[in-house]
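Just so it is clear: in the sequence shown, position 197 is 196 by numbering that gives the first Met the number 0, and no numbers are missing. C-beta: ideal position from N, C-alpha, C; glycine also. As the structure is a prediction and not an experimental result, all values here were calculated from the model. Worksheet: the structure to be examined is printed underneath.
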Amino acid sequence: MFTVISTARVYPPNEETLLDTRTVPGELKWAASPTEGGWEEVSIMDEKNVPIRTYQVCNVMEPSQSNWLRTDWIPRSGAQRIYVEIKFTLRDCNSLPGVTGTCKETFNLYYYESNNDREHYIRESNFLKIDTVAADESFTQVDIGDRIMKLNTEVRDVKVTTRKGFYLAFQDVGACIALVSVRVFYKTCPLTVRNLATFPDTNTGADTSSLVEVRGSCVNQSEEREEPKMYCGADGEWLVPIGGCVCNLGYEERSGVCQACTVGFNRAVSTDRACSKCPPHSHSEKEGAAVCDCNPGYYRSESDPASMPCTQPPSAPQQLISEVNETSVVLEWSAPLRLGGRSDISYSVDSLKGPLGAQLCLPCSQDVLFSPQQSGLRATRVCVSELQAHTRYTFTILARNGVSQGHSAGAGQSVSVTLTTNQAAPSPVTSIQAGDVTRHGVSLAWQQPDRPNGVILEYEVKYYEKDQKESSYRIMKTASRSADITGLSPLTVYLYQVRARTAAGYGEFSGPLEFSTNSDPLPLIGDAASSTLLLLSISGGVILLLTSTAVFIISRRRGKYSQAKQDSEEEKHLNPGVRIYVDPFTYEDPDQAVHEFAKEIDATYIHIEKVIGIGEFGEVCSGRLRLQGKREIYVAIKSLKAAYSNKQRQDFLSEASIMGQFDHPNIIRLEGVVTRCKPVMIITEYMENGSLDAFLRKHDGHFTVIQLVGMLRGIASGMKYLSDMSYVHRDLAARNILVNSNLVCKVSDFGLSRVLQEDPENAYTTRVTGTYHSPGGKIPIRWTSPEAIAYRKFTPSSDTWSYGVVMWEVMSYGERPYWDMSNQDVIKAIDEGYRLPPPMDCPVCLHQLMLDCWQTERTHRPSFTQILNMLDKLIRNPTTTLRRTGGDRPVPSLLEPVGGPEFVSVWSAEDCLQAIGMGMYRDTLTTAGYTSPDSLLTLTHQ
């Protein structure tokens with residue numbers, strides 16, 4: 000017995016064994032031929048003393064040996080190529096004496112394919128040779144003595160694809176050989192998982208270079224991302240993985256399998272490799288959660304990814320501020336304090352309207368305009384226009400984000416403000432129609448504006464010749480919706496425009512209506528007309544006109560203002576919609592008047608910044624006011640000193656009771672009062688440039704005449720408003736006009752009590768002579784009309800006198816009226832008929848307007864309506880009306896009585912012809928060179 004040295008090993012996982020003689024229990028009983036003297040089955044002990052069955056043959060002495068040994072039938076089990084591993088020992092022929100020529104050191108390996116094992120006898124000729132196997136090492140007699148033989152291992156492969164199984168055969172041709180073991184196997188690509196796809200055991204291909212394509216199947220809880228495929232190589236290795244699978248949502252890949260996400264985690268996106276913790280404000284209660292549910296009170300929108308935190312609707316917008324401008328409202332607000340964790344916030348505006356005092360509100364009409372839009376706003380500002388005047392509106396600003404829709408948590412996301420629109424000018428007049436058309440006139444009619452915005456007080460018709468465009472036009476006013484225009488030229492195209500006026504002012508003009516007058520039947524000069532008769536008519540008419548002009552102008556001037564004033568008074572009675580001033584001193588309880596006309600302000604809303612002056616009753620400060628729902632504004636704050644009497648408190652608050660009744664851009668605006676805590680305060684708008692007289696002195700010579708006239712126009716507009724309300728100011732002076740940063744002048748100082756200073760240049764006096772003393776208070780002598788000084792007769796006409804002095808102050812840049820004259824001298828000079836001369840570079844027309852305001856007879860003074868109209872004409876035509884200054888003609892001086900020649904307006908040739916009823920010859924005479932009244936007197940027959 001000898002020992003075979005071999006290396007024990009575990010077979011690779013990619014090899015499937017079909018036969019292994021070392022593992023076969025008992026005898027092999029393979030078929031041998033010849034049955035005697037050939038292969039012999041022998042048991043030997045391996046290195047572990049385990050008996051194994053071997054086959055041996057050693058017929059080396061006899062020539063031409065052909066000993067066959069055939070295995071039992073081996074099923075191929077789907078193998079396409081089998082491998083035969085032979086472990087054997089071989090005797091070196093050189094160690095055997097006398098065997099030269101008969102001893103071999105090789106043997107042959109054959110195979111035969113068969114479908115079954117019933118073929119007990121197989122002819123050798125049916126076998127196909129696989130290979131001749133030679134030994135790498137052989138043993139000698141010495142090795143036998145040491146009982147150690149050298150083991151050879153050879154592997155051969157062959158393709159078997161035609162039958163279900165096969166036989167192997169070993170042919171000995173004269174060697175001394177022992178088959179220690181025979182193992183038959185085939186190679187497979189073993190079961191594996193790649194990219195979450197399972198690939199089963201797969202037999203290799205029949206050829207050594209073949210690749211077998213295998214489609215994998217996704218592991219549990221996964222799905223195909225791309226069809227998984229791999230190729231099984233001939234050596235049993237997987238090659239070229241393609242595609243793969245991904246775990247289902249709620250599962251993650253762990254060790255090649257998909258395992259459920261644990262509680263509190265989720266996997267919502269297939270591209271995520273692993274489960275992630277639930278986003279903020281969400282949770283999962285079970286394993287395998289694809290999406291975490293939102294916590295109560297939190298939501299996701301349909302477009303939100305599942306990985307996004309759950310969010311909330313926003314809270315209400317903050318600090319809603321409304322600013323009313325007639326029939327427009329600007330709404331501004333701040334972003335909500337809580338955005339809900341989102342950035343897609345937007346705003347929408349809902350609006351309701353209702354008449355004042357009504358309980359129910361209706362949605363606003365579609366005519367209301369929202370700029371930039373009503374919903375989907377990203378900015379925190381919107382302008383609402385085309386509202387109705389004197390109407391209550393409620394505006395609600397709603398904040399939304401992606402989770403607001405359909406959630407009850409969206410309640411309370413809005414903030415509202417209720418306000419009332421102001422009076423506003425009417426909308427343009429529409430539908431103008433022309434009725435009867437004659438040679439010199441036309442009848443017009445029109446409809447009321449779509450939005451009158453109040454009571455229509457009058458209509459204004461503007462008309463002008465088309466060829467002259469709008470540079471020269473005429474105005475006609477009427478209280479009805481029709482007008483008869485006369486004095487037109489025949490066969491001439493005119494353009495007509497109409498606008499309406501309410502207490503808030505004029506609206507815009509309508510679009511122009513174009514219409515032509517009829518032709519004139521009278522012949523022109525030279526067409527069978529008597530030139531002599533024409534000349535006599537013109538000459539006589541002009542002479543008569545010029546000789547009567549002085550009388551006409553004087554009587555007209557003295558009567559026109561009183562007639563206009565009478566018309567103004569009648570208009571006031573015909574238009575009951577105009578508000579009338581209520582004297583607060585008629586109230587038994589002064590606090591009742593204050594609370595009726597002034598708004599009470601919480602003192603905590605006021606922030607005082609600095610003292611800007613000292614008033615009669617206490618300090619005057621500047622500061623800021625921030626009312627709830629309103630924008631912070633700068634204000635002036637008048638405070639009542641601590642040790643005050645009831646009379647002082649009443650006098651102090653009376654000014655607020657007066658101001659609270661006024662609403663005009665040229666009247667100082669009252670913001671409110673503080674009466675329920677100390678100190679008592681009056682809050683007004685802040686005027687940055689202070690009093691007008693000081694402002695003009697500071698900027699002496701810095702303004703154009705047009706700018707100065709614009710300031711006067713603003714003061715006149717404010718005084719007209721006060722006059723229309725039947726309020727008499729009594730102390731109109733430049734020091735009581737305040738100027739803001741935009742150079743807008745506003746009338747102020749409505750208190751009835753005046754401070755008496757020690758300054759000898761004080762503007763007020765309490766006693767001059769017995770005639771001028773009055774227990775009713777103190778009088779600003781230099782600004783007061785003679786009748787007010789003498790008889791305490793204060794009327795709108797006395798305010799007109801004061802306005803003339805203000806005009807003088809403005810044009811002289813804040814110079815003191817009457818300079819250093821004493822109050823007594825001023826009263827005496829005025830009584831004797833002296834008036835202030837024109838300031839330097841003052842246009843003639845402006846000084847003439849001052850003189851008109853200083854007429855001794857108060858009924859001859861112009862009303863503020865007339866003053867305003869005249870200033871508007873000056874502003875519209877500045878080059879012709881404001882060009883001449885006081886240096887162009889003699890003017891009355893302070894020492895020259897005004898009782899001399901009246902100021903006569905310059906008449907044109909057109910005016911003369913119109914006055915004598917011959918206006919139709921204007922163009923013909925103008926072409927001939929007759930352009931002035933004097934030239935008309937030079938007309939001859941030629």
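- By the Cβ criterion, the segment 94 to 102 is not in contact with the segment 212 to 219, since fewer than three pairs of Cβ atoms, one from each stretch, lie closer than 8 Å.
- In the DSSP assignment, V843 falls within the alpha helix (DSSP H) that extends over 843 to 852.
- Secondary structure in the segment 103 to 188: the alpha helix (DSSP H) runs of 4 residues or longer, each lying completely within the stretch, are 140 to 144 in chain order.
- In the structure shown, A196 adopts extended strand secondary structure according to DSSP, grouped into three states.
- Sequence-distant Cβ neighbours of S208 in its own chain, meaning closer than 8 Å and more than five residues away, are A233.
- Judged by DSSP in its simplified three-state form, L89 adopts strand.
- Counted as a single uninterrupted DSSP element, the beta strand (DSSP E) harbouring L418 occupies residues 413 to 419.
- Every beta strand (DSSP E) of 3 residues or more that sits fully in the segment 413 to 478 is shown, in chain order, as 413 to 419, 429 to 436, 441 to 446, 457 to 464, 473 to 477.
- Around the CB of N294, fewer than 16 other CB atoms lie within 10 Å, so the residue is classed as exposed.
- Take E684, set aside five residues on each side of it, and the residues of its chain with a beta-carbon closer than 6 Å to its own are R668, in chain order.
- In the assembly as shown, K186 is a buried residue. Its beta-carbon has 16 or more other beta-carbons within 10 Å.
- For G486, no alpha helix (DSSP H) segment is defined, and its DSSP state is neither H nor E.
- V59 is bridged by DSSP to nothing; it lacks a bridge partner.
- Per DSSP, G713 lies in no beta strand (DSSP E) segment; the continuous alpha helix (DSSP H) that holds it begins and ends at 704 to 723.
- Rounded to whole angstroms, the Cβ separation of G375 and S345 is 5 Å, and the two are in contact under 8 Å.
- By the neighbour-count definition (other C-beta atoms within 10 Å, threshold 16), R860 is a buried residue.
- V497 is bridged by DSSP to V460.
- Under the DSSP assignment, H606 falls outside any alpha helix (DSSP H), being part of the beta strand (DSSP E) whose first and last residues are 605 to 613.
- For N202, the number of other beta carbons within 10 angstroms of its own is at least 16, and it is reported as buried.
- Ranked by how close their Cα comes to the Cα of S796, the residues C676, E814, R857 have R857 in first place.
- The alpha carbon of V262 has as its nearest neighbour, out of W237, S283, D824, the alpha carbon of S283.
- Residues of the same chain with a CB within less than 6 Å of the CB of R80, apart from the 5 flanking positions on each side, are D156, K158, A205 in chain order.
- Ranked by Cα distance from E322, the first of P304, T417, T477, G296 is T417.
- Comparing alpha carbon positions, the residue from I611, R377, G713, G628 closest to I636 is I611.
- Taking C-beta atoms as the reference points, L195 and V218 count as a pair closer than 8 Å.
- Taken through DSSP and simplified to helix, strand or coil, Y392 comes out as strand.
- DSSP places A641 in the coil class of the three-state scheme, outside both helix and strand.
- Within a 10 Å sphere around the beta-carbon of T270 sit fewer than 16 other beta-carbons, which makes this residue exposed.
- Restricting attention to E385, Y604, S370, the CA atom closest to the CA of T420 is found in E385.
- In the DSSP assignment, Y230 falls within the unbroken beta strand (DSSP E) covering 221 to 231.
- Collapsing the DSSP output to three states places N202 in a strand.
- Contact between F514 and A433 holds: their C-beta atoms lie close to 5 Å from each other, under 8 Å.
- Per DSSP, F616 lies in no alpha helix (DSSP H) and is assigned neither H nor E.
- Measuring C-alpha to C-alpha distances from D19 to each of N66, D71, V56, T34 identifies D71 as the nearest.
- Counting the other CB atoms within 10 Å of its CB gives I600 a total of 16 or more, which places it among the buried residues.
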